[in-house]
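Using our numbering, read the sequence shown as starting at 66 and increasing by one per residue. Heads up, the beta-carbon is just placed ideally off N, CA and C, and yes, glycines get one too. Since the model is a prediction, treat every value here as computed from it, not as a measurement.
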Amino acid sequence: MKHVLPWAILIAACLRPSEGHVELDALVGQATEAGATLVVADGLGAIRSLSADRAVIWSASPVLELDVVPGTTPFALEVRNLPADAVLELDGEPVVVVASPRPTVKQWTLDAGGHVRIAPPDAFTPGPHRVAVLSDIQDAVDEVQDIFDRMNADPTIRFVLSTGDLTNNGRLGQLVRIQEELELLDVPLYSTVGNHEVPGPEHWHDLFGPFNSYFEYRGVAYSLVDSSNATVDPTELTRLRAWVDSHVEQPHLFLTHVPIFDDAGLRSGSFRSRNEAARLVNLLAEGEVDALFFGHVHSYYAYGLGGIDAYISGGGGAIEEELDGIGRHYLTVDLDPAIGVEAVGLVRID
Numbered sequence: 066m067k068h069v070l071p072w073a074i075l076i077a078a079c080l081r082p083s084e085g086h087v088e089l090d091a092l093v094g095q096a097t098e099a100g101a102t103l104v105v106a107d108g109l110g111a112i113r114s115l116s117a118d119r120a121v122i123w124s125a126s127p128v129l130e131l132d133v134v135p136g137t138t139p140f141a142l143e144v145r146n147l148p149a150d151a152v153l154e155l156d157g158e159p160v161v162v163v164a165s166p167r168p169t170v171k172q173w174t175l176d177a178g179g180h181v182r183i184a185p186p187d188a189f190t191p192g193p194h195r196v197a198v199l200s201d202i203q204d205a206v207d208e209v210q211d212i213f214d215r216m217n218a219d220p221t222i223r224f225v226l227s228t229g230d231l232t233n234n235g236r237l238g239q240l241v242r243i244q245e246e247l248e249l250l251d252v253p254l255y256s257t258v259g260n261h262e263v264p265g266p267e268h269w270h271d272l273f274g275p276f277n278s279y280f281e282y283r284g285v286a287y288s289l290v291d292s293s294n295a296t297v298d299p300t301e302l303t304r305l306r307a308w309v310d311s312h313v314e315q316p317h318l319f320l321t322h323v324p325i326f327d328d329a330g331l332r333s334g335s336f337r338s339r340n341e342a343a344r345l346v347n348l349l350a351e352g353e354v355d356a357l358f359f360g361h362v363h364s365y366y367a368y369g370l371g372g373i374d375a376y377i378s379g380g381g382g383a384i385e386e387e388l389d390g391i392g393r394h395y396l397t398v399d400l401d402p403a404i405g406v407e408a409v410g411l412v413r414i415d
């Protein structure tokens, strides 16, 4: 038996290489310390610190809901990675912001516990808006500042989405560093993970939150799904299917790191199983998802999968695909809930 067990573990790991990521996601956004308790709805935020009278959260969505039980009052709540116009309601009543040291950082004082909702005033009103997509920074963290400057110069961008590989190896120091750089952005960035974050999954959860996140903003559904192991875990696939089915009447953007199918097809830049890839494309097509965004390949491609517009964009600064003439870049995506995706633009930095 002692010879069989290691093989059983190995086979299980091969069948579900991302199972541990799903299990970690289930723990995100919950903490109890010194009589204080926080529970973030759907795990859409990393609780960075918690004490009896203070909490710091990194948000993984433009809309954040949580239940707060203070250990003592007044209770100081700081939330990072928020839209600049986000406001807080406690049990439906507005709470005045105390300070905002950066556009994406807000601080409030709560005189009681209860249900907290933090969101821009227009978050629940369907309407046109623009988001950006930036992926694959990796070891170019010292060069990303001009990309952020370019984004800050566009006041129409509401937030940035990423398919991952924000760091080169997912170590704690690198994740801390990229978060420090992200605070130079005037808008929040929401990301799933890439294969370069896999070596340190616990650090990602502690700092950024979930590997997989789903949210709505202004009538558009967003899915950021973990494919860092070139597959989507079956448990997460079930969750994705339910989300897709419940938002079939809305515009929907799907983002994941590894292309389901690579446009070139011959460079190991896609899912490890073509059968799984085909099933996922069918799921997204049947759910009438409007656009697919991938990273991993350090270039730019626009193509189609199952009748859905698909984009590979890995222009955050990682080693470029040779001779493609693309260079560093990000995408802008203009959305209108009445239409869907109005336009996808390529913004070149170099």
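Residues near residue i by beta carbon distance below 7 Å, same chain, minus five either side
i	result
VAL87	ASP298, THR300 and GLU301
VAL206	ARG242, ILE243 and GLU246
TRP72	Only weak support exists for where TRP72 lies, its pLDDT of 39 falling under 50; the value from the coordinates is given anyway. Once the five neighbours on either side are set aside, TRP72 has no close Cβ partner at all.
ASN233	GLN203, ASP204, GLN239 and HIS261
ARG19	This structure cannot settle anything about residue 19, because the visible part of the chain is limited to 66 through 415.
C-beta contact flag for residue i and residue j at 8 Å
i	j	result
GLY94	VAL133	no
ALA184	ALA151	yes
LEU115	GLU98	yes
GLY382	GLN210	no
LEU320	LEU175	no
VAL198	LEU396	yes
PRO127	ALA188	yes
HIS268	LEU237	yes
PHE273	SER256	yes
VAL309	GLY334	no
PHE336	VAL323	yes
GLY390	SER293	no
PHE358	SER338	no
GLY371	ASN347	yes
One or two residues paired with residue i in a DSSP bridge
i	result
ASP401	GLY405
ARG236	In the DSSP output, where bridge partners are listed per residue, ARG236 has none listed.
HIS180	ASP132
GLU374	Contrary to the premise, residue 374 reads as Asp rather than Glu in this sequence. In DSSP, ASP374 forms a bridge with ALA356 and GLY369.
PHE224	VAL196
ARG344	Looking at the DSSP assignment, ARG344 forms no beta bridge with any residue, so it has no partner.
HIS394	ARG413
PRO159	GLU154
GLN172	GLU143 and ALA164
THR97	THR102
LEU254	VAL225
Own chain partners of residue i with C-beta closer than 6 Å, once the 5 adjacent residues on each side are dropped
i	result
ASP374	ALA356
LEU345	ILE325
GLU407	ASP399 and ASP401
GLU154	ARG182
ILE112	ALA96, LEU103 and ILE122
THR416	Here the chain has residues from 66 to 415 only, and residue 416 is not among them.
SER364	GLU386, ASP389 and ILE391
Close-in-space but distant-in-sequence residues of the same chain around residue i (CB under 8 Å, 5 per side omitted)
i	result
LEU254	ASN146, LEU199, PHE224, VAL225, LEU226, SER227 and LEU247
HIS270	LEU89, ASP90, LEU92, VAL93, ALA111 and PHE276
GLY85	PRO266
LYS67	With a pLDDT of only 39 at LYS67, under 50, the local geometry of the prediction cannot be trusted, and the value read off the model is given with reservation. Hits under 8 Å: none found.
Could you pull out every unbroken beta strand (DSSP E) segment of at least 3 residues lying fully inside the stretch 102 to 155, listed in chain order? 110 to 116, 119 to 124, 129 to 134, 140 to 145 and 152 to 155
I'd like to know if the stretch 156 to 176 and the stretch 187 to 196 are in contact, where contact means that at least 3 CB-CB pairs between them fall below 8 Å. no
Runs of alpha helix (DSSP H) lying entirely within the stretch 264 to 339, each at least 4 residues, in chain order: 266 to 272 and 299 to 311
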